[in-house]
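**Q**
Residue numbers (the numbering used here): 292 to 457.
1) Could you say which of 327, 312, 354, 362 lies nearest to residue 339 if we only look at CA atoms?
2) For the alpha helix (DSSP H) holding residue 406, just list the boundary residues, first then last.
3) With burial defined as no fewer than 16 other Cβ atoms inside 10 Å of the residue's Cβ, what is the status of residue 341: buried or exposed?
4) Would residue 427 be called buried (16 or more neighbouring beta carbons within 10 Å of its own) or exposed?
5) Identify the continuous alpha helix (DSSP H) that holds residue 396 and give its terminal residues.
6) Would you call the CB atoms of residue 329 and residue 349 closer than 9 Å?
7) Measure the beta-carbon distance from residue 351 to residue 366 and round it to whole angstroms, keeping in mind my assumption that it falls under 8 Å.
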């Protein structure tokens, strides 16, 4: 039997409440700087409501903020697939995050591909700045002494991006 008396169907209102509780808890934790706990709450919200792009976006953003760039990409890509409109403003935020995540991981080709999916022209100020940043990063990598860029990049990845709350 489900949550609805006399029915095998689950109580949808209870499910919506649980999903919203997880999302709101995740948002509160995120705002208070407790990003690891926020990830757990957002994962629960995503599990309870896998068709909601906003919850996946929140999970992706939180992974990005703690420097887990690879982990931020998959939920962002999944969220994009769920968006109904190609003009949804969330699409731009997600695609930008994917591009930046690839940049942080020194995957220039993937970063450029992700930035192209933004649909902006080279005249667009943001897209132009993003492409310029990708070129600069690539130049630094190719012109730095052998192994130096990799070493600095690896050390940078170890530095936390946020201050855990006490």
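C-beta: ideal position from N, C-alpha, C; glycine also.
**A** To lay it out plainly:
1) 312
2) 399 to 407
3) exposed
4) exposed
5) No alpha helix (DSSP H) holds residue 396; DSSP gives it neither H nor E.
6) yes
7) 4 Å
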